[in-house]
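Listed in order, the protein sequences are those of chains R and G. Quick note: the first sequence uses my numbering, first residue 229, plus one each step. Quick note: the second sequence uses my numbering, first residue 3, plus one each step. Just so you know, even glycine gets a beta-carbon here, dropped at the ideal spot from N, CA and C. A quick write-up on the structure given underneath.
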Amino acid sequence: MSRHSRRIIGRGRVNFGRTLRFRFDGAEYVGHEGDTLTSALLANGVWLAGRSFKYHRRRGFYAAGAEETNALVEVRGMDGLRAPNRPASELRLYDGMEAFSQNCSPSLRYDIGALRGSLFAPFLGAGFYYKTFMGPTRKGWRFYEHMIRRAAGMGRLSEDVMDHAQHESANLFTDVLVIGSGPAGLAAAGAAAASGARVTLVERDFAAGGSLLGERGGSQADIWRRRILSFLEESENVRIFLRTECFGAYDGNCFGMVERLREAGESGAGSRSRLWRVRARRVILASGALERPLVCEGNDLPGVVLSSAARLWLTRWGVLPERRIVIAANNDSAWETAEELAFAGMEVGAKITLLDARREGAGSERLQRLRMRGVEIHLGYVPIAVRGGRRVKGLLAAPFDADANIVVLDNDNDNDNDGDGDDGAGSNGGGDSAGEGGTDEGTTNEGAVKESAEAMETDNGVGDTAGKVAGKTRYFAADMVCLSGGLDPNLRLWSQRGLSPRYDEKIAAFVPGDEMPPGWEVVGGARGTFSRGEAIKEGRRAAEAAVGSRAASFGADDDNGGALADIFTIDDGDELARGGWRVAPCPLWLSRGGEDAFSRRAFVDLSGDVTVKDMAIAVREGYNQPEHAKRYTTAGMGADQGKTSGTNAAGILSLFAKRKMERLGTARPPYTPVEIASLAGAEVGRHFRPVRRSPLHDVHLREGVQWIESGEWMRARYYPASPQESVEAGYVRESAAVRGGVGMTDVSTLGKILVQGADAEKFLERVYVNNIASLKSGRVRYGVMLRDDGMVFDDGTLTRTKDGGFWITTTTANAGAVLQRLEFLHQAEWRDLEVFLTSVSDSWAGIAVAGRESLSVVSSVFADDDIASLPHMGALEVLYGGEFARVHRMSFSGERAYEVFVAAHFGVSLWERLREAGSERGIVPYGLEALDALRVEKGHITVSEIDGRVTLADLRFEGMLRRKSGLAVGVPLGRRAGLTDGDRPCLTGLRPLGAGQRIESGSVLFGMDGEMSGHGEGWVSSACYSGECGGYIALGFLSRARAREGEEVRCFNPVGRSVVVARVVSPCFVDSEGERMR
Amino acid sequence: MLMIPCPWCGERAEVEFAYGGEGGLSRPVVPGDLSDGEWADYVYFRKNPKGTHCELWHHLHGCGRYFEVVRDTVDNKVHGSAESGSDIRGVSDVKKV
Ligand SMILES: [Zn+2]
């Protein structure tokens, strides 16, 4: 067949004037604007699209929409970026597209995995993982691991290529959200738009119209589609999203949508996708219905397709991939396909054969019409097996007798191509004996048909829907087999709201129950309304209900209303209204009865390679509940997510397990895969979370800072004296400067809260374990907060201000948590207290000046005589630049020190003036590392010690607890026996015995005897080099530490597996009397 | 995503709020009178019901207030809200703000 003869001249909505070049698996092809990868490849005669997930069977193009789970391909993007698992049916062709098949090694045609698939297929059946890797045989994992790891997962991600594409996110508020742009959705959007409400119409496809796109160009249905679309496009209150997947329905009618702007490899400016958070007042779900296949032997061969796909390929893309086509169905939809194929096929001499399980077919009128078009029709026939090797060669069918007892074909006589040898040139299907020429009535299995009473109990009531095969089989040669097993309302989004559909026997499908999420309506195919005229009416009615009665009468005088009234004038006899189902379908879950009659090549879920045999095994082994069977077989758990497999799997389970029809599993977002990049949006790399900068940020840069990230903050780690200076050399030098003279550091990141109001003191008295009443104005006090369970929550300082309020500081890390906790206590627990809490963290810049020269530095900047006389733990309110500033004399380092707080915008100027004032005395800026070393030397705690597991007693603060009233948070439970037990690890200092040895933070402490295993007797929380001590020191927690001072312990570092012997010492290494700071 | 009716700001999206735990609890007034067991009840034990639940929400990125909300944990329907301390436990038809 020549290259272009698969396109039918004059058909489809493809722009033949614009040619697009693309590559699939390296080979070059040509397509046209408007094509999908599927339509373009089919037009080029390419059927093989990929290999299946588990058995690596050849798979072809199968569907024309989201339900395509066979032809998942990888699109190669810029810089070699891989975008895997894209359904070929959804890939809008662009010039230069480069796509690759998946699950193939080394190539699609010759795949090693297929060999593996055939060798191991018997082992990979239902429950393989459970049986092999749990219980006594779990060691099997070692044997299979290599194989399974290679086979697991679908597609490949780029490991070394960074995705530089932009993705953005946005919010949308709408009055009416219409999901789906088929007949019902368009009608709903149109009717809602006429009321003036804000209407949002969402369509996953890149063209609007849904099933209307399956109608011939120029038909009444096509004209209607174009008219209502142009009305919507002209309405200013309507927003239409194409190529946009509404993937999740959440509480409060909030929806997640991804608007695909470009494919990974598609050039263009701007973002590649846009994530929408939509909030809708009313929701009209018009997501249509998806066709499901019939389940029979060999139903996965390339060339077996959904009947709806064959129709769309023709009407939308003008592609008729083959000339000998057999359609097997149980419902009216396939008749519409047959009619379309026949209409186009007459010109090119196509041969269309239609088999319908129903004796009456789709009614006599359609029967006559199709026969006139040359369609060969066999009523009461069901497919038994698709024959072929690399490709479809034909279909074996047999009469279906709903009244007869179940008849099972003999298992072997129809020449199964056992062994999956579909790579071997010699393999073929048994049906070849019937010849390739036509639909010879090859009675291949005459005599092989026999009654099998034990295969299936017939009186159980549920057996009716098993394929009952009676009489002679017939063989139909074909190059393409279209299967249609019925339509399933697409209720994913509705089900995501926690609702379960009910089984409707009339249409043999699951439909929504009466319960609706608030503000929702489900219309059209999604509701099980498969008649087009009815769907349009439903859409319009739902919209009118959603927006009130205003839309009910489209006033002719209204600009829009008049046009719309015309659009909605549809006679029941119109071609537009006639489309859809007229005769009830005949449910058909299997086309061969009896579980053992199946080979493992009748596929229920193609994407997960789940066969009827797997379902039978699951039931036989007791997994006959839907949830169990689903997990045991993995039906509906792969890429398909039940789109084509759900109802068939439910039907087969109901047959085998003799249960009523129940849906398998529940629906969760997303409806189709959403790239993580789309969800992340712009929040990647440095934008992943906000970075907080001190008001002194720029001045640190000028000082040549090395940064360290601490929580959200960028903090100064140290200021290298030379580019070669290491972190350790740097902090040792900086600490020595503080101990020897004076240093300055940025403390702006501390949390700062103003506590005001008549009951501020009372409030803080209940919040801190310290005594607050005795805190005088102009004094600073160290304070500790507990949690209600008695553990230490945070520490900081309290200062009583002149106006009677309090200025409190928290650790940098807990600033937010402390404020939230205080708000909670105030608003929810002690509502009677008059207290006002204000976070002023960002309003103040803070600089600590430490060292014995600190007073001279600070007092030369503030011309306030009181500074010289400020006692230790005293606070002054002074002026700086005409605004309030605070000078607190307090020390974290153990040296005389001042913390100076000024308005944030004065921070840089204060730094510069202090720096200048101190230059004569050799002032040195010091960073977080030196700050930490100085406080470790002094035995002061930070969040390294307050890790949520320590009590006051653990920190040697037990005295506070004794004096405190039980009203304070954490005090009653802090006194529990278990928390005051003397054996608990408590704060200790540690010094290594060996010179130059260092103790690592995180080490586990053990006594000198016994094995080092388990949790030991304590741990090391902080460690550093101490210039004062001339060696490494550490703080940690050790059981009964006070009594053990002078003893030796082993510090075991589990990471390096090294052991350092250390002496237990007081946690205060420097100036234990505190003389320097006073 | 829930729409939460803040008594001060009206209905706002859930992202503006932080959950504040079970509502309607009252802190012991005379803490010393409680046994460890009673304290444990107050500190650790929560109802976690299937159905109507009184809970606190904090309008963290809004007015900053904690307030009580009655929500059905089965369908996430919010029945109403009130200023903290109103004790709206068990109320399923609190007037919506
Ligand atoms: Zn608020």
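Item to complete: Determine which residues of the segment 36–65 of chain G have a Cβ less than 9 Å from any Cβ of chain R, and write them out in chain order.
Response: L36, D38, W41, A42, Y44, V45, Y46, L58, H60, L62
Practice prompt. Run the proximity test for G:G64: is its beta-carbon closer than 7 Å to any non-hydrogen atom belonging to ligand 1?
Written response: If you number the second sequence from 1, residue 64 of chain G lands on position 62. Yes, ligand 1 has a heavy atom inside 7 Å of this Cβ.
Item to complete: Take R:L503 as the anchor and find which of R:R945, R:C474, R:A492 has the nearest alpha-carbon.
Response: On the first sequence, position 275 is the one that residue 503 of chain R refers to. Taking only the C-alpha atoms, the option nearest R:L503 is R:C474.
Worksheet item: Is R:F252 close to chain G, meaning its C-beta is less than 8 Å from at least one C-beta of that chain?
Response: Position 24 of the first sequence, counted from the start, is the residue given in the question as residue 252 of chain R. Not an interface residue.
Item to complete: Grab me the residues of G:V17's own chain with a C-beta within less than 8 Å of its C-beta, minus the 5 sequence neighbours each way, in chain order.
Response: Here residue 17 of chain G is taken as the residue at index 15 of the second sequence, counted from 1. Closer than 8 Å at Cβ, skipping near neighbours: M3, H63.
Item to complete: Out of R:A492, R:D987, R:A436, R:S515, state which residue places its alpha-carbon closest to the alpha-carbon of R:Y899.
Response: Numbered from 1 along the first sequence, position 671 holds the residue referred to as residue 899 of chain R. Selected option, being the one with the closest Cα: R:S515.
Item to complete: Assign R:T247 to one of two classes, buried (16 or more other C-beta atoms within 10 Å of its C-beta) or exposed (fewer than that).
Response: Locating residue 247 of chain R in the first sequence gives position 19, counting from the first residue. Exposed, since its Cβ has fewer than 16 Cβ neighbours within 10 Å.
Fill in: For R:H395 and R:A501, believed in contact at Cβ under 8 Å, the rounded distance
As a position in the first sequence, residue 501 of chain R is number 273, starting the count at 1. As a position in the first sequence, residue 395 of chain R is number 167, starting the count at 1. In the sequence as presented, Ala is not what sits at residue 501 of chain R; that position holds Ser. Yes, R:S501 and R:H395 are in contact; Cβ-Cβ is about 5 Å, under 8 Å.
Worksheet item: Does G:G12 have its Cβ less than 8 Å from a Cβ in chain R?
Response: The count along the second sequence starts at 1 and reaches residue 12 of chain G at position 10. No, G:G12 lies away from the interface with chain R (no Cβ there is under 8 Å from its Cβ).
Fill in: Neighbourhood of R:M574 by C-beta distance below 8 Å, restricted to the same chain and skipping five residues each side
The residue given as residue 574 of chain R occupies position 346 in the first sequence. So the qualifying residues of the chain are R601, G602.
Practice prompt. Report, in whole angstroms, the separation of the C-beta atoms of G:E24 and G:E57, which I expect to be a contact under 8 Å.
Written response: Position 22 of the second sequence, counted from the start, is the residue given in the question as residue 24 of chain G. Position 55 of the second sequence, counted from the start, is the residue given in the question as residue 57 of chain G. Right, the Cβ-Cβ distance comes to about 6 Å (below 8 Å), so this counts as a contact.
Worksheet entry | ligand 1 heavy atom lying under 7 Å from the CB of G:W59 | Numbered from its first residue, the second sequence carries residue 59 of chain G at position 57. For ligand 1, not one heavy atom lies less than 7 Å from the Cβ of G:W59.
Worksheet item: Which word fits R:S458, buried or exposed, when buried means at least 16 other C-beta atoms lie within 10 angstroms of its C-beta?
Response: The sequence position of residue 458 of chain R within the first sequence is 230, counting from 1. When all chains shown are included, R:S458 counts as exposed.
Discussion item. Quick check on R:G324: does DSSP put it in helix, strand or coil?
Written reply: The residue given as residue 324 of chain R occupies position 96 in the first sequence. Coil, per DSSP.
Practice prompt. In angstroms with no decimal places, state the Cα-to-Cα distance between R:R454 and R:D263.
Written response: Taking the first residue of the first sequence as 1, we reach residue 454 of chain R at position 226. Taking the first residue of the first sequence as 1, we reach residue 263 of chain R at position 35. So the alpha carbons of these two residues sit roughly 19 Å apart.
Discussion item. Please identify, using Cβ separations under 7 Å, the residues of the segment 1172–1205 of chain R that lie next to chain G, in order along the chain.
Written reply: G1194, L1195, P1200, L1201, R1204
Fill in: Bounding residues of the beta strand (DSSP E) (the contiguous stretch that carries R:A1091)
The residue given as residue 1091 of chain R occupies position 863 in the first sequence. It is not in any beta strand (DSSP E) - R:A1091 carries neither H nor E in the DSSP assignment.
Worksheet item: chain G beta carbons: is any one of them nearer than 8 Å to that of R:A291?
Response: As a working note, residue 291 of chain R is residue 63 in the first sequence. Chain G, which has no Cβ nearer than 8 Å to the Cβ of R:A291, makes this no.
Worksheet item: Looking at G:C2 and ligand 1, is the gap between the Cβ and the nearest heavy atom below 7 Å?
Response: Summary: the structure shown does not reach residue 2 of chain G, with chain G confined to residues 3 through 99, and so no result is reported for it.
Worksheet item: To which residues of the same chain is R:Y257 closer than 8 Å at the C-beta, ignoring the five residues directly before and after it?
Response: For this step, residue 257 of chain R is matched to residue 29 along the first sequence. R249, F250, R251, A268, L269, N272, V274, listed in sequence order.
Worksheet item: If we call anything under 8 Å between Cβ atoms a contact, is R:G1155 one with R:Y947?
Response: Here the question's residue 1155 of chain R lines up with position 927 in the first sequence. Here the question's residue 947 of chain R lines up with position 719 in the first sequence. Cβ atoms of R:G1155 and R:Y947: closer than 8 Å.
Fill in: R:I555 - DSSP class collapsed to helix/strand/coil
Here residue 555 of chain R refers to the residue found at position 327 when the first sequence is read from its first residue. Note: R:I555 maps to strand in three-state DSSP.
Worksheet item: When the Cβ atoms of the segment 711–729 of chain R are set against those of the segment 556–568 of chain R, are three or more pairs found closer than 8 Å?
Response: yes
Discussion item. Using 8 Å for Cβ pairs, my map puts R:Y1108 next to R:V1136. What's the rounded Cβ distance?
Written reply: To locate residue 1108 of chain R, count along the first sequence from 1; it is residue 880. To locate residue 1136 of chain R, count along the first sequence from 1; it is residue 908. Contact flag wrong, Cβ pair sits at about 12 Å.
Discussion item. Considering only the alpha carbon of each residue, which of R:R725, R:V620, R:D1237 lies closest to G:N78?
Written reply: Reading the second sequence from its first residue, position 76 is the one you call residue 78 of chain G. Comparing Cα-Cα distances from G:N78 to each of R:R725, R:V620, R:D1237, the minimum goes to R:R725.
Worksheet entry | Contact set for G:C11: own chain, Cβ-Cβ below 6 Å, skip 5 residues either direction | As a first step, residue 11 of chain G must be located in the second sequence, where it is residue number 9. Excluding sequence neighbours, G:C11 sits near G64, C65.
Discussion item. For the pair the segment 482–499 of chain R and the segment 315–322 of chain R, tell me if three or more CB-CB distances fall below 8 Å.
Written reply: yes
Practice prompt. Give the residues of chain R in contact with G:R73, contact being defined as C-beta atoms less than 7 Å apart.
Written response: For this step, residue 73 of chain G is matched to residue 71 along the second sequence. Here the premise fails: no neighbours, minimum Cβ distance about 10 Å.
Worksheet entry | Members of the segment 479–490 of chain R that neighbour chain G once the beta carbon cut-off is set at 7 Å | D479, G480, C482
Worksheet item: Skipping 5 residues on each side, what residues in its chain have a beta carbon closer than 8 Å to that of R:G608?
Response: Taking the first residue of the first sequence as 1, we reach residue 608 of chain R at position 380. Taken in chain order, the residues that qualify are D584, A585, R586, R587, P627, F628, D629.
Item to complete: Run the CB neighbour count on R:M1188, radius 10 Å, all protein chains shown included, and call it buried at 16 or more, exposed below.
Response: Residue numbering aside, residue 1188 of chain R sits at position 960 when the first sequence is read from its first letter. When all chains shown are included, R:M1188 counts as buried.
Fill in: Check: R:C1214 C-beta below 7 Å from any heavy atom of ligand 1
The residue labelled residue 1214 of chain R in the question sits at position 986 within the first sequence. Checking every heavy atom of ligand 1 against the Cβ of R:C1214, none is found closer than 7 Å.
Discussion item. Just verifying my parser: in three-state terms, what is the DSSP assignment at G:C8?
Written reply: Reading the second sequence from its first residue, position 6 is the one you call residue 8 of chain G. G:C8: strand per DSSP, three-state reduction.
Discussion item. For a cutoff of 8 Å on Cβ pairs, would you count R:D837 as touching chain G?
Written reply: The count along the first sequence starts at 1 and reaches residue 837 of chain R at position 609. Not one chain G Cβ lies under 8 Å of R:D837.
Discussion item. Can you check whether the C-beta of G:S83 is within less than 8 Å of a C-beta belonging to chain R?
Written reply: As a first step, residue 83 of chain G must be located in the second sequence, where it is residue number 81. Not one chain R Cβ lies under 8 Å of G:S83.
Discussion item. Tell me which residues share the same chain as R:L385 and place their Cβ nearer than 7 Å to its Cβ, disregarding the 5 neighbours each side in the sequence.
Written reply: Residue mapping note: residue 385 of chain R aligns to position 157 of the first sequence, counting from 1. Excluding sequence neighbours, R:L385 sits near R310, P312.
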